[in-house]
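In this note's numbering, the protein residues as written are 11 to 488. All residues carry an ideal CB built from backbone N, CA and C; glycine is no exception. Below is one structure, written out as structure tokens; comments come after it.
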């Protein structure tokens with residue numbers, strides 16, 4: 011069967027994304043398993059859900075159920091490794107680069123040049139100071155880029171049927187806002203800014219404001235409905251509302267009280283993060299040069315992305331969703347300087363150079379490369395061997411974030427707040443202490459710097475391998 015031209019370009023983008031992720035992703039065979047933290051928490055939450063535990067009742071964390079569902083599917087694909095998640099991430103980024111390709115094509119009107127602009131964006135998306143481990147932002151990008159393409163096509167493409175495109179953009183925005191609300195809800199607010207542009211366009215062009223608003227609302231409701239029905243059926247809907255919105259706000263307030271100002275972190279902690287944002291800001295401005303109308307649209311979306319992140323951007327990876335805007339600078343440069351007669355040969359060179367550039371950045375940055383982290387991986391393996399003596403053990407991470415020890419042994423959360431969050435409330439801490447006292451967990455991990463040996467000794471827990479190369483130690487209930 012002969013593939014059409016657009017399908018070939020999709021496979022080209024999919025191959026590009028897959029090669030990069032196989033090289034630099036911590037979920038790939040190129041990296042050791044021990045260096046998983048937030049992603050290990052998401053994986054364990056998805057696994058707990060797939061194993062019959064009730065979200066927000068039997069286990070909880072700061073993220074939404076769609077993220078746990080994605081990781082749950084990854085767990086079902088590969089229960090004792092993160093390679094199932096890697097497969098889903100490759101598919102996710104195949105579409106991210108595909109929609110960036112289609113966005114660039116709105117302005118370039120050329121497939122080969124659009125593909126080059128899309129691929130150049132990988133340098134920003136996979137910038138290791140900002141993005142190292144696979145997190146919620148990666149999957150939120152899927153919906154952000156999808157919506158950005160459709161809104162750019164509505165506002166900037168003169169060759170499209172505007173009435174139909176307004177409907178398409180509205181449906182995609184509705185799905186995107188609902189999906190990102192169930193992953194990490196500040197991204198939903200960014201999509202809300204895009205929605206305002208669509209509604210304004212519909213009002214100015216008389217293409218049906220109420221039709222667009224209705225499409226957004228209906229598509230969002232249809233996407234949310236299965237999650238709401240499930241949570242009502244198992245009796246965790248009230249817990250979801252309380253944990254995901256109310257408790258998260260309490261945790262965020264405590265972070266503001268006890269941690270550095272997020273703007274200080276951005277400016278002073280790593281100057282490279284400031285360069286990253288400056289480059290993407292200038293890239294967003296470059297879109298104005300190519301746009302026939304609504305010239306400020308892309309830059310406004312970029313500003314909204316930054317402002318909605320900086321309010322609680324205590325960790326640099328929160329800014330990972332800003333990386334997509336480099337596509338517009340690459341598009342503008344190719345629009346101005348590309349030699350179209352030799353673009354095919356330039357494409358092959360560009361394809362290779364971008365992959366090598368991303369790989370080189372990650373090599374220079376460091377990380378848990380397979381041949382580099384031998385002491386840490388050996389200590390990790392020692393802990394895993396101890397845990398494997400119990401079938402599907404229950405685990406608590408006391409006063410620390412989650413880690414990957416439970417992945418090879420298919421462990422489950424030992425209590426509701428089985429991992430500690432930055433800004434944990436008193437009730438979260440008490441839940442851990444009570445579960446430890448009641449010996450609900452087979453194993454408890456504790457950071458060496460925050461160890462409480464008197465507590466564990468008084469409860470009869472056995473301490474393991476305090477001299478390991480890892481910053482945490484293990485207690486067992488047996």
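When only Cα atoms are considered, residue 431 and residue 34 end up about 27 Å apart. The region 171-183 makes contact with the region 201-215, as at least three CB pairs between them are under 8 Å. The alpha-carbon separation between residue 168 and residue 201 amounts to approximately 23 Å. Using a Cβ distance threshold of 8 Å, residue 339 and residue 296 count as a contacting pair. Three or more Cβ pairs closer than 8 Å define a contact, and the region 324-333 falls short of that threshold against the region 105-118. Bridge partners of residue 473 according to DSSP: 485.
Residue state for residue 446 is assigned as helix, using DSSP reduced to three classes. Annotated three-state conformation of residue 456 is strand, per DSSP. Just so you know, the alpha carbons of residue 107 and residue 27 end up roughly 7 Å apart. Boundaries for residue 193: no beta strand (DSSP E) harbours it, and the DSSP string shows neither H nor E there. Straight-line spacing of the CA atoms in residue 29 and residue 130 works out to 14 Å. Rounded to the nearest angstrom, the Cβ distance from residue 71 to residue 429 is 7 Å, consistent with a contact under 8 Å. Cβ neighbours of residue 441 within its own chain (closer than 6 Å, five residues either side excluded): 425, 426 and 427. Ranked by how close their Cα comes to the Cα of residue 91, the residues 55, 111, 39 and 121 have 39 in first place. The criterion of a C-beta distance shorter than 8 Å is satisfied by residue 164 and residue 176.
Below 8 Å, too few C-beta pairs join the region 356-367 and the region 146-154 to call them touching: fewer than three. When DSSP assignments are scanned along the region 387-434, the uninterrupted stretches of beta strand (DSSP E) that are 3 or more residues long and fall wholly within it turn out to be 404-408.
Going by C-alpha positions, residue 320 is about 45 Å away from residue 399.
The secondary-structure analysis by DSSP pairs residue 379 across a beta bridge with 41. Selection 458, 32 and 282 evaluated against residue 329 yields 282 as nearest (Cα-Cα). Each residue's CA atom was taken as its position, placing residue 196 and residue 158 some 16 Å apart. DSSP, read as helix, strand or coil, puts residue 65 in strand. Going by beta carbons, residue 143 and residue 46 fall inside the 8 Å limit. Assignment of residue 218 by DSSP, reduced to helix, strand and coil, places it in the coil class. Beta-carbon to beta-carbon, residue 121 and residue 15 are separated by about 7 Å, close enough to satisfy the 8 Å threshold. Contact between residue 457 and residue 410 holds: CB atoms are separated by about 5 Å, below the 8 Å threshold. Distances from the CA of residue 472 to each of 464, 486 and 337 were compared; the closest alpha carbon is that of 486. The straight-line gap separating the alpha-carbon atoms of residue 265 and residue 17 is approximately 46 Å. Looking at the backbone, the Cα of residue 212 and that of residue 242 are separated by about 36 Å.
Here residue 236 is exposed, its C-beta having fewer than 16 other C-beta atoms within 10 Å. Considered as a whole, the region 200-249 harbours 219-244 as its complete alpha helix (DSSP H) runs of no fewer than 4 residues, in chain order. Here the region 414-422 makes contact with the region 46-64; the two share three or more CB pairs at distances below 8 Å.
Residue 65 and residue 380 have their C-alpha atoms spaced approximately 34 Å apart.
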